[in-house]
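Visitor: Listed in order, the protein sequences are those of chains U and C.
Just so we're aligned, residue 108 is where the first sequence starts under our numbering, counting upward by one.
Just so we're aligned, residue -4 is where the second sequence starts under our numbering, counting upward by one.
We treat Cβ as the ideally placed atom computed from N, Cα and C, and that holds for glycine.
This is the structure I have questions about; it appears just below.
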Amino acid sequence: MNGIVQYFTDIFKAVRSLWKGMRVTGSYFVRPGEIVTQQYPENRKELQMFDRFKGEVIMIHDEENFHRCNACGICQMNCPNGSIEIISEMVPNEEGKPERTIDKHIYHLSMCTFCGLCVKSCPSNALAFGQGFEHAVFDRHKLTKVLNQPGSRIKKKPKAPKPAAGTEKPNSANS
Amino acid sequence: MKEVELNEIIASKEDGKYIINIGPQHPSTHGVLRFVVSLKGETLEYLIPHCGYIHRGIEKMCENLTYPQIIHLTDRMDYLSAHMNNEAVSLCVENALGIEVPERVKVIRTILSELQRIASHQLWWAAFGMDIGGLTCFFYGLRDREKVLDIFEESFGSRLLHSFICPGGLMQDIHPDFQKRVKEFIAYFRKKLPEYDQLLTGNVIFEQRTKGLGILTKAEAIDYGVTGPSGRASGFSCDIRKKHPYSAYDRVEFREILANEGDTYSRYKVRIEEMWESMNIIEQLIDQIPEGSFTAPMKAIIKVPEGEYTQRVETARGELAVYLVSTGDKNPYRMRFRTPNFSNLFVMNHLSAGAKIADLIAISGSLDLVIPDIDR
């Protein structure tokens, strides 16, 4: 007799445990407002990434196409995988002295691990993280980017009493 | 069992015995792990884990990188415990340099580690449910994990591989909304965690598939070096947070979750309980983040003084130890990681011998293996 009672108790408990789970899923079935899924490709227009999102490394340019990179090469030194290559050239400044200027700031997105060391270590805050995340391309060479925009120039700091010493300092520190 | 003996078995072709591969591309191995299993009928006789399919030589790569650069490699070992891995190396370097990090950093690191532990256990719960045949769990687990990842994304810009904790402190300060969002998440998850129990814990099919399966005794857990929730389910008290407190763990009250059965079901229960405990820890700390700097003053090039240093932390899967040999240069001479999953994997043969082939998936799921952590 006991065995039979046990048998039916077990069945009852088993069905009850299954019903418990079904109740959870069923409650979401009748309350579709609590479903959190986003329809990604459709919501591209209104999709807002967080402002700190690390999508890709970009160089900050203002409206007049000025950047702040002085080609010191600290980002290149700090990059663990060689994603950054800096090609600089010596251009004479207004006073005729040769000054190191950025020619191409090459960024290999395909090798980047988004560790953030370049952005953190940049002494003149020229680099930042961009929000773009749709990086899929058919040709991997398209992932090699030049960060300084064509025709852009370095934004000079407001002239100090001794302009020559102020501009030479970063060059001598990193040569 | 050695490869030679395996070949002998293949050659002898005993009655009903055969050898098959599970993996390296099997979804339930959660990565590229290959089990060579010897079966008699449906019963598993022994199992040989083959690892190395995702070996990247992280330890060797560390020898050519500076200390801040090493951090981003440790993310890629146990990617579900990225914060704890970063913290291990950071603490090791800080101890070597004799730097005391600000209180703010210690508290934030502890909160982040516990959030990461919750996220990791959520994903484990999701994947474990799916391994065992409950596809619903996968969606519910990932739904809640998404909330944690959003907190991470807002503060550090990445969801999985953060590289946020660095020698000396943090890469940047936490987002102003961090505290508010964490509190929202805790309130949300306290309501949603009972759903996990309703969906899976009491389920009759689940209980019958996990109870009494893959029993690991306490002595065996110590012998094999099984740590983390898997070890604690066997009664092996091995929580580094309790035994050797680091960061802010010495000032919070929490329980070390222990179970005595050592079977698959108790490993499951320990992890569910750990999520509750992690929420308790976060609640104690979230209102008490001290003001201050987010990093200690560090030199631009970190040079660790000559010597050997070691540091242990508790990741979501067990004990991670970092062993660092320095010759006083800016790169380490040798960097060694004792990863929890490596030890946890090699108990598989012991646990699964005599079980059925379908139980193998339940056992390996309950150990919560992350394969890149095994191979490094």
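Give the residues of chain C in contact with U/S124, contact being defined as C-beta atoms less than 7 Å apart.
Guide: Translated into the one-based positions of the first sequence, residue 124 of chain U becomes position 17. Here the neighbours are G197, N198, V199.
Visitor: Measuring only the C-alpha atoms, how far is C/M125 from C/S273?
Guide: For the purposes of this step, residue 125 of chain C is taken as residue 130 along the second sequence, with counting starting at 1. For the purposes of this step, residue 273 of chain C is taken as residue 278 along the second sequence, with counting starting at 1. Roughly 24 Å between the two C-alpha positions.
Visitor: How about C/I377 and C/V143: are their beta carbons less than 8 Å apart?
Guide: With chain C represented from -4 up to 371, any question about residue 377 of chain C goes unanswered, as that position is not in the structure.
Visitor: Can at least three beta-carbon pairs, one atom from the stretch 210 to 230 of chain C and one from the stretch 68 to 82 of chain C, be found at a separation below 8 Å?
Guide: The stretch 210 to 230 of chain C, when compared against the stretch 68 to 82 of chain C, does not touch it at the 8 Å Cβ threshold.
Visitor: Taking the alpha-carbon of C/T105 as reference, which of C/R333, C/N339, C/V247 has the nearest alpha-carbon?
Guide: Counted from its first residue, the second sequence places residue 105 of chain C at position 110. The option with the nearest alpha carbon to C/T105 is C/V247.
Visitor: Chain U partners of C/E148, CB-CB under 7 Å?
Guide: Stepping through the second sequence from its first residue, residue 148 of chain C is reached at position 153. Neighbours of C/E148 on chain U, chain order: F157, F160.
Visitor: Count the other CB atoms, across all protein chains shown, that sit within 10 Å of the CB of C/S115; report buried if there are 16 or more and exposed otherwise.
Guide: By 1-based counting over the second sequence, the position of residue 115 of chain C is 120. Counting Cβ neighbours within 10 Å, C/S115 comes out buried, since at least 16 surround it.
Visitor: Take the Cβ of C/L362 as the centre, count every other Cβ of all protein chains shown within 10 Å, and call the residue buried at 16 or more, exposed below.
Guide: For the purposes of this step, residue 362 of chain C is taken as the residue at position 367 of the second sequence. Buried, by the Cβ-count rule.
Visitor: Using the three-state DSSP reduction, which class does C/N81 fall into: helix, strand or coil?
Guide: Position 86 of the second sequence, counted from the first residue, corresponds to residue 81 of chain C. If DSSP states are grouped into helix, strand and coil, C/N81 belongs with the helices.
Visitor: Beta-carbon separation of U/R159 and C/F151 under 8 Å?
Guide: Along the first sequence, read from residue 1 onward, the residue named residue 159 of chain U stands at position 52. Along the second sequence, read from residue 1 onward, the residue named residue 151 of chain C stands at position 156. Result yes, Cβ atoms of U/R159 and C/F151 sit closer than 8 Å.
Visitor: Give me the subset of the stretch 215 to 235 of chain U whose CB atoms are less than 7 Å from a CB atom of chain C, sorted by chain position.
Guide: Cβ contacts with chain C: T220, F221, C222, G223, L224, K227.
Visitor: Any contact between the stretch 183 to 203 of chain U and the stretch 128 to 139 of chain U? By contact I mean 3 or more CB pairs, one from each, below 8 Å.
Guide: In short, these stretches do not touch, since the Cβ pair count stays below three.
Visitor: Quick one: Cα of C/V308 to Cα of C/V265, how far?
Guide: Here the question's residue 308 of chain C lines up with position 313 in the second sequence. Here the question's residue 265 of chain C lines up with position 270 in the second sequence. Taking the straight line joining both Cα atoms gives about 19 Å.
Visitor: Measure the alpha-carbon distance for C/C132 versus C/E303 and round it to whole angstroms.
Guide: Here residue 132 of chain C corresponds to residue number 137 of the second sequence, with the count starting at 1. Here residue 303 of chain C corresponds to residue number 308 of the second sequence, with the count starting at 1. Distance between the alpha carbons of C/C132 and C/E303 is about 45 Å.
Visitor: Label C/N198 either buried or exposed according to how many other C-beta atoms from any shown protein chain fall within 10 Å of its C-beta, with 16 as the threshold for buried.
Guide: Residue mapping note: residue 198 of chain C aligns to position 203 of the second sequence, counting from 1. Under this definition C/N198 is a buried residue.
Visitor: Under three-state DSSP, which class holds C/C161?
Guide: As a first step, residue 161 of chain C is located in the second sequence; it is residue number 166 there, counting from the start. In the structure shown, C/C161 sits in a strand (DSSP, three-state: E or B).
Visitor: By DSSP, does C/V365 sit in helix, in strand, or in coil?
Guide: Residue 365 of chain C sits at position 370 when you count from the first residue of the second sequence. Looking at C/V365 - three-state DSSP - the assignment turns out to be coil, as it is neither helix nor strand.
Visitor: Does DSSP classify C/G349 as helix, strand or coil?
Guide: By one-based count along the second sequence, residue 349 of chain C stands at place 354. Coil at C/G349, not helix or strand.
Visitor: Under 9 Å between beta-carbons, which chain U residues line up against C/L194? List them in chain order, please.
Guide: Translated into the one-based positions of the second sequence, residue 194 of chain C becomes position 199. Within 9 Å Cβ-Cβ: K127, G128, V131, T132.
Visitor: DSSP three-state label for U/R207, please.
Guide: Taking the first sequence and counting its residues from 1, one reaches residue 207 of chain U at position 100. Three-state result, U/R207: strand.
Visitor: Buried or exposed for U/K269, going by 16 or more other Cβ atoms inside 10 Å?
Guide: Mapped onto the first sequence, residue 269 of chain U falls at position 162. The predicted model places U/K269 with a pLDDT of 49, which falls under 50 and marks its position as unreliable, so this point remains unresolved.
Visitor: Helix, strand or coil: which one does DSSP assign to C/I277?
Guide: Mapped onto the second sequence, residue 277 of chain C falls at position 282. Here C/I277 sits in helix by DSSP.
Visitor: Counting along the chain, where does the beta strand (DSSP E) carrying C/V31 start and finish?
Guide: Residue mapping note: residue 31 of chain C aligns to position 36 of the second sequence, counting from 1. From DSSP, the beta strand (DSSP E) with C/V31 extends over 29 to 35.
Visitor: How is C/G226 classed by DSSP in three states: helix, strand or coil?
Guide: As a first step, residue 226 of chain C must be located in the second sequence, where it is residue number 231. In this structure, C/G226 counts as helix in the three-state DSSP scheme.
Visitor: Answer yes or no: does any C-beta atom of chain U fall closer than 8 Å to that of C/H21?
Guide: Residue 21 of chain C sits at position 26 when you count from the first residue of the second sequence. Not an interface residue.
Visitor: Please classify U/R130: is it buried, with 16 or more other beta-carbons within 10 angstroms of its beta-carbon, or exposed?
Guide: The residue you call residue 130 of chain U lines up with position 23 of the first sequence. Burial call: exposed.
Visitor: Considering only DSSP beta bridges, list what C/Y13 is partnered with.
Guide: Against the second sequence, residue 13 of chain C aligns to sequence position 18. Note: C/Y13 sits in a beta bridge opposite C/L34.
Visitor: Could you tell me the alpha carbon to alpha carbon distance between C/K238 and C/F159, rounded to whole angstroms?
Guide: Counted from its first residue, the second sequence places residue 238 of chain C at position 243. Counted from its first residue, the second sequence places residue 159 of chain C at position 164. C/K238 and C/F159: Cα-Cα distance of roughly 25 Å.
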